[in-house]
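Visitor: Starting off with a structure, shown below.
Numbering (the working numbering), first residue to last: 417 to 502.
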């Protein structure tokens, strides 16, 4: 829903809280589980141990298209640093 950061070789946009007008098309490739995480708790000198584990759900995404806001979408846009060099 929200695009927090967009960038290219000439331009980086950081949104506070989001980049207005920026759009990203994604496709869900796979929804699976990550490797197991072991949680081991021990209380010393009390012979008390607890071992627990879980697997996080992970969503693999494929980025199809990134569209900058209309203001920055032209190909001839250059950042401030490049204008100063000329």
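We put the beta carbon where it would ideally sit given N, CA and C, even for glycine. Please read all numbers here as calculations on a predicted model, not as lab measurements.
So residue 419 and residue 438 are supposed to be a Cβ contact under 8 Å. How far apart are they, rounded?
Guide: That belief holds up - the Cβ atoms of residue 419 and residue 438 are roughly 4 Å apart, short of 8 Å.
Visitor: Indicate the three-state DSSP secondary structure (helix, strand or coil) for residue 487 in the structure shown.
Guide: Helix at residue 487.
Visitor: Mapping the DSSP letters down to three states, classify residue 472 as helix, strand or coil.
Guide: Residue 472: coil per DSSP, three-state reduction.
Visitor: Can you tell me where the beta strand (DSSP E) with residue 455 in it begins and where it stops?
Guide: Per DSSP, residue 455 belongs to the beta strand (DSSP E) from 453–459.
Visitor: From the DSSP output, which residues share a beta bridge with residue 427?
Guide: According to DSSP, which records beta bridges pairwise, residue 427 is partnered with nothing at all.
Visitor: Quick one: measure Cβ to Cβ for residue 443 and residue 478, integer angstroms, because I've assumed they're closer than 8 Å.
Guide: With 8 Å as the limit, residue 443 and residue 478 qualify as a contact, their Cβ atoms being about 5 Å apart.
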